[in-house]
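Before any comments, here is the structure.
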Amino acid sequence: MAMEHQAFLYRDLDDFLSVTVPHLRSGLERDQAVIAVVREPNLAALRDVLPPGDAPIEYFDSAEFYRHPVHTLRDYQNVVKKSAPRRVCALAEPFWDGWDERQTLEWIRYESLINVVFEGSGARALCPYDTGTLPPRVVAEARRTHPLLLAPDHRGLNDDYVDPVTFGAGCDRGLRFDRPRTAEYLPIKDDDLSALRSFLGERACRHGLVQQAARNLVTAANEAAANALQHGTPPIGLWVWQDGADLVCEIGDNGFWRPGPSPLTGFIPPDTALQRGFGLWTVRLLVDLMELRAGWDGTFVRLRVSRDSPCRSR
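Take the sequence shown: its letters are residues 9 to 322, numbered as in the numbering used here.
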């Protein structure tokens, strides 16, 4: 059964409650698994109207649930699996505060990916967007990532919706892969990646990453390098540099990916470890941000981990 994925553009708290409360009640009436992931103060207001003790609704604070796009995809996927055979009725308000430009782009892409990851789940997801406080770009992109739209000027099918592959390709074209001249370089010549792990681990420690974040970065880089050795074309190498609070690691080779990677590569949760793209999905889970570029000059996987990452311990 197809998923219902609807953006809801609201103006204030009263407007928010007038739509979200009936949405949640309809899920209860249909005996669906009802989940509300909402930012404050909307969360407290919903709890007052529909107390958890009176209605079997799982409540979560968006600030905690929306900490990393791929983790959030995985967590929603777990909700759907755990709830089966019941369908899920979700109120899903993304959290947009505190993200930089790269992170904001990943969260916008995440909203598009929802349509692929849960396309056959039969889930009903209503995604509120506060038009009074959110950046205009975020509100505009909501119209492009949701097949259904509820707004003051529209209700129903959304003519502005862009399919996830086309949308993702546009995100990829906006990526910049400038590398500073001060970046340190390590050639990767064979399958023995112990030197890579030591090299990167030392720099992660020097940068001030906590032990788990450093370990995750080394594991992610090891996986990306092993993939380059198996599928890429020499020379293969690793670059590492600091960018403010971020430690950036890039693995590149001279291979030309044919056909080019899909904009969905590494974003879709695999069904099994044998599924193509499993490695890149794992890499995305381990770091704050993974970016992929494949062009005439080779294939490059860029990893970012921040000392200030909110998901460093997850």
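For glycine and all other residues, C-beta sits at the position ideal for the given N, C-alpha and C. Values in this document were obtained by computation on a predicted structure and should not be read as measured data.
Checklist entry - Residues in its own chain within less than 8 angstroms of Phe175 by CB, not counting five upstream and five downstream? => result As a working note, residue 175 is residue 167 in the sequence shown. So the list reads Arg117, Ser120, Arg152, Thr153, Pro271, once near-sequence residues are dropped.
Checklist entry - Can you name the start and end residues of the beta strand (DSSP E) that Asp261 belongs to? => result Position 253 of the sequence shown, counted from the start, is the residue given in the question as residue 261. 254-261 is the span of the beta strand (DSSP E), which, as asked, contains Asp261.
Item to check | Pairwise C-alpha distance: Gly287 and Val331 | outcome: The question about residue 331 has no answer, for the chain in this structure spans 9 to 322.
Checklist entry - Taking the Cβ atom as the reference point for each residue, do Pro136 and Phe207 lie within a distance shorter than 8 angstroms? => result As a position in the sequence shown, residue 136 is number 128, starting the count at 1. As a position in the sequence shown, residue 207 is number 199, starting the count at 1. No; because the gap between Cβ atoms is not below 8 angstroms, this pair is not in contact.
Next on the checklist: Using only the alpha-carbon positions, how far apart do Pro172 and Leu165 sit?
Outcome noted: What you label residue 172 is simply residue 164 of the sequence shown in a count that begins at 1. What you label residue 165 is simply residue 157 of the sequence shown in a count that begins at 1. Their Cα atoms are separated by approximately 16 angstroms.
Next on the checklist: Does Asp22 come out as helix, strand or coil in the three-state DSSP assignment?
Outcome noted: Stepping through the sequence shown from its first residue, residue 22 is reached at position 14. Residue state, collapsed to three classes: helix.
Next on the checklist: If distances are taken between C-alpha atoms only, which option among Asp261, Gln220, Thr273, Asn50 comes closest to Arg6?
Outcome noted: Outside the shown range of the chain (9 to 322) lies residue 6, about which nothing can therefore be said.
Next on the checklist: Between the alpha carbons of His79 and Ala53, how many angstroms are there, rounded?
Outcome noted: The count along the sequence shown starts at 1 and reaches residue 79 at position 71. The count along the sequence shown starts at 1 and reaches residue 53 at position 45. When the Cα atoms are used, His79 and Ala53 turn out to be separated by approximately 27 angstroms.
Item to check | Option nearest Ala133 by Cα separation, candidates Cys213, Trp104, His162, Val42 | outcome: Your numbering for residue 133 matches position 125 in the sequence shown. Per the Cα distances, Val42.
Item to check | Residues bridged to Gln14 [DSSP beta-bridge criterion] | outcome: One-based indexing of the sequence shown puts residue 14 at position 6. The partner list for Gln14 (beta bridge, DSSP) reads Leu134, Leu156.
Next on the checklist: Tell me the rounded alpha-carbon separation between Thr307 and Arg95.
Outcome noted: In the sequence shown, counting from the first residue as 1, residue 307 sits at position 299. In the sequence shown, counting from the first residue as 1, residue 95 sits at position 87. Taking the straight line from one Cα to the other gives about 40 angstroms.
Checklist entry - Curious, which full-length alpha helix (DSSP H) runs of at least 4 residues does the region 9-96 contain? => result 21-37, 50-57, 70-73, 77-91
Next on the checklist: Once DSSP output is grouped into helix, strand and coil, what is the label at Asp180?
Outcome noted: To locate residue 180, count along the sequence shown from 1; it is residue 172. Assigned with DSSP and collapsed to three states, Asp180 falls in helix.
Next on the checklist: Please tell me whether Ala228 and Val291 are closer than 8 angstroms, where the distance is taken between their beta carbons.
Outcome noted: Here residue 228 corresponds to residue number 220 of the sequence shown, with the count starting at 1. Here residue 291 corresponds to residue number 283 of the sequence shown, with the count starting at 1. Yes.
Item to check | Per DSSP, the bridge partner or partners of Asp251 | outcome: Taking the first residue of the sequence shown as 1, we reach residue 251 at position 243. Its beta-bridge partners are Asp254.
Checklist entry - To which residues does DSSP link Ile196 through a beta bridge? => result Sequence index remark: in the sequence shown, residue 196 carries index 188 (1-based). Answer is Ile244.
Item to check | Closest Cα partner of Gly35 within the set Leu217, Val226, Glu66 | outcome: In the sequence shown, counting from the first residue as 1, residue 35 sits at position 27. Considering only alpha carbons, the answer is Glu66.
Checklist entry - Taking all protein chains shown into account, do 16 or more other C-beta atoms lie within 10 angstroms of the C-beta of Arg184, making it buried, or fewer, making it exposed? => result Translated into the one-based positions of the sequence shown, residue 184 becomes position 176. The residue is exposed, with fewer than 16 neighbouring Cβ atoms inside 10 Å.
Checklist entry - Quick one: Cα of Arg110 to Cα of Leu201, how far? => result Along the sequence shown, read from residue 1 onward, the residue named residue 110 stands at position 102. Along the sequence shown, read from residue 1 onward, the residue named residue 201 stands at position 193. Going from the Cα of Arg110 to the Cα of Leu201 covers about 29 angstroms.
Next on the checklist: For a quick check, are the C-beta atoms of Ile276 and Val125 less than 8 angstroms apart?
Outcome noted: Within the sequence shown, the letter at position 268 stands for residue 276. Within the sequence shown, the letter at position 117 stands for residue 125. Yes, they are a contact pair.
Item to check | Asp290 - DSSP class collapsed to helix/strand/coil | outcome: Residue numbering aside, residue 290 sits at position 282 when the sequence shown is read from its first letter. Checking the sequence shown, residue 290 turns out to be Thr, not Asp. Helix.
Checklist entry - Among residues of its own chain, excluding the 5 on either side of Pro64, which ones have a beta-carbon nearer than 8 angstroms to its beta-carbon? => result For the purposes of this step, residue 64 is taken as the residue at position 56 of the sequence shown. Correct list, in chain order: Leu36, Val42.
Checklist entry - To the nearest angstrom, how far is it from the Cα of Arg284 to the Cα of Asp251? => result Position 276 of the sequence shown, counted from the start, is the residue given in the question as residue 284. Position 243 of the sequence shown, counted from the start, is the residue given in the question as residue 251. Residue placement at Arg284 is flagged as unreliable, the pLDDT there being 49, under the threshold of 50; the coordinate-derived value follows with that caveat. About 32 angstroms.
Item to check | Own chain, CB closer than 7 angstroms to Arg19, minus 5 neighbours either side, in chain order | outcome: Numbered from its first residue, the sequence shown carries residue 19 at position 11. When the five nearest sequence neighbours on each side are left out, the beta carbons in the same chain lying within less than 7 angstroms of the beta carbon of Arg19 are those of Thr139, Gly140, in order along the chain.
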